[in-house]
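The sequence shown begins at -6 in the working numbering and counts up one residue at a time.
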Amino acid sequence: MPSQNTKSSQAKTWSKEIEEAYRFKIAGYRDEAEYKAANLNFEIERWPESGFVKKLRRKDGSFFYYNRERECPQWEIMRLKLFEQ
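Structure representation (structure tokens):
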């Protein structure tokens, strides 16, 4: 089910929003809205300390597990697109 977000912007510097976008991207989703639409029965697990995503279900049914701290490498930031809701 495609997301209804149509407007996007290029990421410039790291932020919590960029980190979230990166985690959804490597799990195979465009953004949080697309993830929620595809996984109605799965809650997004988050780390209590940082609030970052802890675990996401991939489209093939397996899971991605993430660390508590930043995972998005500096060189990846310019490749990310942020979609408006």
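Quick reminder that beta carbons are idealized off the backbone N, C-alpha and C, glycines included.
DSSP state of residue i mapped onto helix, strand, coil
{"i": "Arg16", "result": "helix"}
{"i": "Lys29", "result": "helix"}
{"i": "Glu36", "result": "coil"}
Integer-rounded CB distance, given that residue j should sit under 8 Å from residue i
{"i": "Phe57", "j": "Ile19", "result": "7 Å"}
{"i": "Leu73", "j": "Tyr15", "result": "6 Å"}
Cβ shell of residue i (< 7 Å), same chain only, five flanking positions each side left out
{"i": "Glu42", "result": "Arg61"}
{"i": "Ile11", "result": "Ala4, Cys65, Ile70, Leu73"}
N-terminal and C-terminal residue of the beta strand (DSSP E) that residue i is part of
{"i": "Gln67", "result": "Per DSSP, Gln67 belongs to no beta strand (DSSP E) and is neither H nor E."}
Chain-order list of residues whose beta-carbon lies under 8 Å from that of residue i (same chain, five-residue window excluded)
{"i": "Pro66", "result": "none"}
- prompt: For the region 17 to 33 against the region 50 to 65, are there 3 or more C-beta pairs whose distance is under 8 Å?
  reply: The region 17 to 33 is in contact with the region 50 to 65.
query: So, do the region 58 to 75 and the region 28 to 37 have three or more beta carbon pairs nearer to each other than 8 Å?
result: Taking a cut-off of 8 Å for Cβ pairs, the region 58 to 75 and the region 28 to 37 do not touch, as fewer than three such pairs fall below it.
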